[in-house]
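Mapping of the sequence shown onto the numbering used here: residues 10 to 164, in sequence order. Down below is the structure, laid out as structure tokens.
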Amino acid sequence: MRTAILIVLSATVTATAAFFVGGSPPPQPTNVILGEACWRCRRPILNADLAAEQVAPNGLGSKFRSVHCLATWIGQQPGPVEGHYWVTNSQDRKWIQAEGAYYVRMVVNDRTMERDFLAFGDSAAAAAAARDNGSKVEQWADVLERGKADPLGGD
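Shown next, in the form of structure tokens:
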């Protein structure tokens, strides 16, 4: 009983300390529901593996059908957009923060030949995908520059 109380007390103190020193985790994204409309282009999200999300400081999320759609939306804004950006890790299909991901631009739909970015949490996996697809590994800053340069979001 004494051990259980100490564990709970320790967890409470740790959580409180993390809150006061700014160590709280960023707001988390929510699962994508196929068919949801992209916040920017309003097209349906048909492939959750390509999805991205912007989570505002108040916790409200905006879903995007792809990394490029998110980057284009950011580029269309008149000023900085507050919040956190999340992308789907193509390796395990879990959310990862966009700033720390590695990106490879490649064909994502063989039927339409649409090109977009796949996000990777591991640089070696991104390098292998880039090599296999005749592409290169890019960082979040590179993706954002493409979004700013392409205000219509085309390929």
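All residues carry an ideal CB built from backbone N, CA and C; glycine is no exception. Please read these numbers as outputs of a predicted model, since none were measured by experiment.
According to the DSSP assignment, I54 belongs to no alpha helix (DSSP H), since it is labelled neither H nor E.
Where E154 is concerned, the enclosing alpha helix (DSSP H) starts and stops at 149–158. Considering only A139, E154, Q37, E147, the residue with the shortest C-alpha distance to G68 is Q37.
Between D125 and L79, the gap from beta carbon to beta carbon reaches 8 Å or more. Pairing R74 with L43, the inter-Cα distance amounts to about 10 Å. Rounded to whole angstroms, the separation of the alpha carbons of D151 and V117 is 19 Å. Annotated as distal: M122 and N142, with beta-carbon spacing of 8 Å or more. A distance of 8 Å or more separates the beta carbons of V41 and A65. The continuous beta strand (DSSP E) containing V117 extends over residues 111–118.
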